[in-house]
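Here the structure is laid out as C-alpha coordinates; the discussion comes afterwards.
Numbering (our numbering), first residue to last: 96 to 282.
This is the structure:
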(Lines of atoms letter the chains of each structure in order from A and count residues from 1; the text may use other names and numbers.)
(Lines give C-alpha, C1' and ligand atoms only; values in the text may rest on other atoms or scores of the structure.)
Protein backbone atom coordinates (compact mmCIF):
# COMPACT_ATOMS: atom_id res chain seq x y z
CA UNK A 1 0.00 0.00 0.00
CA UNK A 2 1.41 3.35 -0.98
CA UNK A 3 1.30 6.09 1.64
CA UNK A 4 0.35 9.55 0.62
CA UNK A 5 2.99 12.11 1.50
CA UNK A 6 1.61 14.97 3.56
CA UNK A 7 3.44 18.18 3.01
CA UNK A 8 3.35 20.96 5.58
CA UNK A 9 1.32 23.93 4.44
CA UNK A 10 3.98 26.38 5.53
CA UNK A 11 1.25 28.49 7.07
CA UNK A 12 2.30 29.75 10.45
CA UNK A 13 -0.18 29.58 13.29
CA UNK A 14 -0.11 32.85 15.18
CA UNK A 15 -0.60 31.52 18.68
CA UNK A 16 0.35 34.85 20.24
CA UNK A 17 -2.29 36.78 18.33
CA UNK A 18 -4.91 34.24 19.38
CA UNK A 19 -3.80 34.44 23.02
CA UNK A 20 -4.00 38.25 22.88
CA UNK A 21 -7.48 38.05 21.34
CA UNK A 22 -8.72 35.74 24.09
CA UNK A 23 -7.14 37.94 26.77
CA UNK A 24 -8.83 41.03 25.36
CA UNK A 25 -12.16 39.24 25.00
CA UNK A 26 -11.94 38.28 28.67
CA UNK A 27 -11.15 41.94 29.44
CA UNK A 28 -7.87 41.10 31.12
CA UNK A 29 -4.82 43.33 31.01
CA UNK A 30 -1.40 41.97 30.28
CA UNK A 31 -0.51 42.92 33.90
CA UNK A 32 -3.33 40.74 35.23
CA UNK A 33 -2.30 37.75 33.12
CA UNK A 34 1.32 38.22 34.18
CA UNK A 35 0.31 38.24 37.83
CA UNK A 36 -1.97 35.20 37.54
CA UNK A 37 0.53 33.18 35.50
CA UNK A 38 3.74 34.19 37.25
CA UNK A 39 5.24 35.29 33.92
CA UNK A 40 6.70 38.70 33.17
CA UNK A 41 4.85 41.38 31.24
CA UNK A 42 7.72 41.65 28.78
CA UNK A 43 7.69 37.92 28.04
CA UNK A 44 3.89 37.91 27.59
CA UNK A 45 4.14 40.90 25.26
CA UNK A 46 6.70 39.08 23.09
CA UNK A 47 4.52 35.94 23.07
CA UNK A 48 1.43 37.94 22.05
CA UNK A 49 3.36 39.59 19.22
CA UNK A 50 4.62 36.15 18.08
CA UNK A 51 8.23 37.23 18.65
CA UNK A 52 8.93 34.26 20.90
CA UNK A 53 7.41 30.82 21.34
CA UNK A 54 6.40 29.70 24.82
CA UNK A 55 7.30 26.25 26.10
CA UNK A 56 4.52 23.67 26.31
CA UNK A 57 4.28 24.08 30.09
CA UNK A 58 4.06 27.89 29.74
CA UNK A 59 1.41 27.52 27.05
CA UNK A 60 -0.60 25.21 29.30
CA UNK A 61 -0.31 27.73 32.14
CA UNK A 62 -1.50 30.59 29.89
CA UNK A 63 -4.43 28.55 28.62
CA UNK A 64 -5.39 27.72 32.21
CA UNK A 65 -5.28 31.42 33.21
CA UNK A 66 -7.32 32.41 30.15
CA UNK A 67 -9.84 29.56 30.54
CA UNK A 68 -8.96 28.23 27.11
CA UNK A 69 -8.52 24.69 25.86
CA UNK A 70 -5.10 24.33 24.26
CA UNK A 71 -6.60 22.75 21.13
CA UNK A 72 -8.49 25.96 20.41
CA UNK A 73 -5.20 27.71 19.72
CA UNK A 74 -4.49 25.39 16.81
CA UNK A 75 -7.93 25.16 15.24
CA UNK A 76 -8.72 27.29 12.25
CA UNK A 77 -11.83 29.41 12.80
CA UNK A 78 -14.65 28.48 10.45
CA UNK A 79 -15.21 31.14 7.83
CA UNK A 80 -18.15 30.97 5.44
CA UNK A 81 -18.68 33.22 2.46
CA UNK A 82 -22.11 34.02 1.04
CA UNK A 83 -21.97 35.91 -2.24
CA UNK A 84 -24.93 38.19 -2.82
CA UNK A 85 -25.76 36.67 -6.20
CA UNK A 86 -25.92 33.23 -4.54
CA UNK A 87 -27.79 34.26 -1.39
CA UNK A 88 -31.19 32.57 -1.18
CA UNK A 89 -34.28 34.69 -1.55
CA UNK A 90 -36.71 34.63 1.33
CA UNK A 91 -40.15 36.14 1.82
CA UNK A 92 -41.01 37.43 5.26
CA UNK A 93 -44.01 39.43 4.11
CA UNK A 94 -44.81 42.89 2.87
CA UNK A 95 -45.31 44.57 -0.48
CA UNK A 96 -42.57 45.69 -2.87
CA UNK A 97 -39.71 43.96 -1.09
CA UNK A 98 -37.03 41.53 -2.25
CA UNK A 99 -35.19 39.83 0.60
CA UNK A 100 -32.10 37.63 0.67
CA UNK A 101 -30.53 35.71 3.53
CA UNK A 102 -26.88 36.80 3.39
CA UNK A 103 -25.60 34.69 6.30
CA UNK A 104 -25.13 30.93 5.91
CA UNK A 105 -28.33 28.89 6.33
CA UNK A 106 -26.57 26.87 9.03
CA UNK A 107 -25.70 29.91 11.19
CA UNK A 108 -27.67 29.68 14.44
CA UNK A 109 -26.33 32.73 16.33
CA UNK A 110 -27.13 35.54 13.94
CA UNK A 111 -29.01 36.09 10.70
CA UNK A 112 -28.61 38.99 8.31
CA UNK A 113 -31.23 39.79 5.73
CA UNK A 114 -30.57 42.22 2.89
CA UNK A 115 -33.68 43.82 1.48
CA UNK A 116 -34.41 46.04 -1.48
CA UNK A 117 -37.63 47.93 -0.90
CA UNK A 118 -39.38 49.55 -3.85
CA UNK A 119 -40.81 53.07 -3.59
CA UNK A 120 -44.02 52.92 -1.53
CA UNK A 121 -43.21 49.38 -0.40
CA UNK A 122 -44.62 48.50 3.01
CA UNK A 123 -44.60 45.77 5.62
CA UNK A 124 -47.62 44.17 7.23
CA UNK A 125 -50.45 46.53 8.19
CA UNK A 126 -50.56 44.82 11.58
CA UNK A 127 -47.39 45.13 13.66
CA UNK A 128 -45.41 41.90 14.03
CA UNK A 129 -42.46 40.72 16.12
CA UNK A 130 -39.54 38.44 15.41
CA UNK A 131 -38.40 35.67 17.74
CA UNK A 132 -34.88 36.92 18.42
CA UNK A 133 -33.03 38.79 21.16
CA UNK A 134 -32.09 41.93 19.24
CA UNK A 135 -32.83 43.39 15.82
CA UNK A 136 -30.52 45.86 14.10
CA UNK A 137 -31.85 47.73 11.07
CA UNK A 138 -29.27 49.53 8.91
CA UNK A 139 -30.13 51.67 5.89
CA UNK A 140 -27.56 51.33 3.11
CA UNK A 141 -29.29 53.64 0.64
CA UNK A 142 -32.56 55.50 0.28
CA UNK A 143 -35.02 56.35 3.01
CA UNK A 144 -36.87 53.95 5.26
CA UNK A 145 -39.37 54.22 8.10
CA UNK A 146 -39.50 51.86 11.06
CA UNK A 147 -43.02 51.77 12.50
CA UNK A 148 -43.25 50.99 16.23
CA UNK A 149 -46.38 50.89 18.42
CA UNK A 150 -45.89 54.46 19.61
CA UNK A 151 -43.32 55.90 17.25
CA UNK A 152 -42.25 56.21 13.64
CA UNK A 153 -38.51 56.45 13.09
CA UNK A 154 -37.49 58.05 9.80
CA UNK A 155 -34.12 56.69 8.65
CA UNK A 156 -31.76 57.80 5.91
CA UNK A 157 -28.71 56.16 4.30
CA UNK A 158 -26.14 55.38 6.98
CA UNK A 159 -28.64 55.33 9.87
CA UNK A 160 -28.89 52.33 12.16
CA UNK A 161 -31.50 51.54 14.80
CA UNK A 162 -31.34 48.75 17.39
CA UNK A 163 -34.37 47.43 19.27
CA UNK A 164 -35.56 44.35 21.18
CA UNK A 165 -36.38 41.47 18.85
CA UNK A 166 -39.81 40.91 20.28
CA UNK A 167 -40.82 44.57 19.87
CA UNK A 168 -43.87 44.78 17.58
CA UNK A 169 -43.02 46.73 14.45
CA UNK A 170 -43.51 47.16 10.73
CA UNK A 171 -41.87 49.31 8.07
CA UNK A 172 -42.41 51.34 4.92
CA UNK A 173 -40.59 53.18 2.20
CA UNK A 174 -42.54 56.38 1.61
CA UNK A 175 -39.91 57.80 -0.76
CA UNK A 176 -39.77 57.69 -4.55
CA UNK A 177 -36.53 55.71 -4.64
CA UNK A 178 -35.58 52.14 -3.81
CA UNK A 179 -34.24 51.62 -0.30
CA UNK A 180 -31.58 49.03 0.47
CA UNK A 181 -31.49 47.90 4.10
CA UNK A 182 -30.10 45.10 6.22
CA UNK A 183 -31.86 43.46 9.15
CA UNK A 184 -29.50 41.72 11.57
CA UNK A 185 -31.17 39.33 14.00
CA UNK A 186 -29.26 38.16 17.05
CA UNK A 187 -30.81 34.80 17.88
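All C-beta atoms, glycine included, are put in the ideal place defined by N, C-alpha and C.
First and last residue of the uninterrupted beta strand (DSSP E) at residue i
i: residue 246; result: 246 to 251
i: residue 236; result: 229 to 236
i: residue 257; result: 255 to 259
i: residue 280; result: 274 to 281
i: residue 190; result: 190 to 196
Pairwise C-alpha distance: residue j and residue i
i: residue 221; j: residue 159; result: 53 Å
i: residue 211; j: residue 114; result: 41 Å
i: residue 131; j: residue 148; result: 19 Å
i: residue 141; j: residue 207; result: 38 Å
i: residue 242; j: residue 182; result: 27 Å
i: residue 184; j: residue 116; result: 35 Å
i: residue 280; j: residue 262; result: 12 Å
i: residue 146; j: residue 205; result: 36 Å
i: residue 272; j: residue 213; result: 7 Å
i: residue 235; j: residue 167; result: 36 Å
i: residue 153; j: residue 123; result: 18 Å
i: residue 180; j: residue 121; result: 38 Å
i: residue 278; j: residue 137; result: 44 Å
Residue i classed as buried or exposed, judged by whether at least 16 other C-beta atoms fall within 10 angstroms
i: residue 118; result: buried
i: residue 98; result: With a pLDDT of 44 at residue 98, under the threshold of 50, the modelled position of that residue is not reliable, and the figure given next carries that caveat. That one is exposed.
i: residue 178; result: exposed
i: residue 128; result: buried
i: residue 133; result: exposed
i: residue 209; result: buried
i: residue 282; result: exposed
i: residue 194; result: buried
i: residue 188; result: exposed
i: residue 164; result: exposed
i: residue 161; result: buried
i: residue 186; result: exposed
Top-ranked residue by Cα proximity to residue i, from the options
i: residue 253; options: 276, 205, 269, 154; result: 276
i: residue 248; options: 269, 228, 229, 260; result: 269
i: residue 227; options: 219, 203, 110; result: 203
i: residue 219; options: 171, 265, 109; result: 265
i: residue 257; options: 236, 232, 272; result: 232
i: residue 173; options: 156, 157, 201; result: 201
i: residue 192; options: 215, 199, 198, 170; result: 215
i: residue 238; options: 217, 225, 245, 175; result: 217
i: residue 139; options: 122, 151, 157; result: 157
i: residue 171; options: 124, 112, 278; result: 112
i: residue 198; options: 110, 186, 176; result: 176
i: residue 190; options: 246, 267, 151, 143; result: 267
i: residue 244; options: 162, 224, 230, 161; result: 224
Residue span of the alpha helix (DSSP H) that contains residue i, given as start and end
i: residue 142; result: 136 to 143
i: residue 161; result: 151 to 161
i: residue 114; result: 110 to 120
i: residue 41; result: Lying outside 96 to 282, the shown extent of the chain, residue 41 is not represented and no answer is given.
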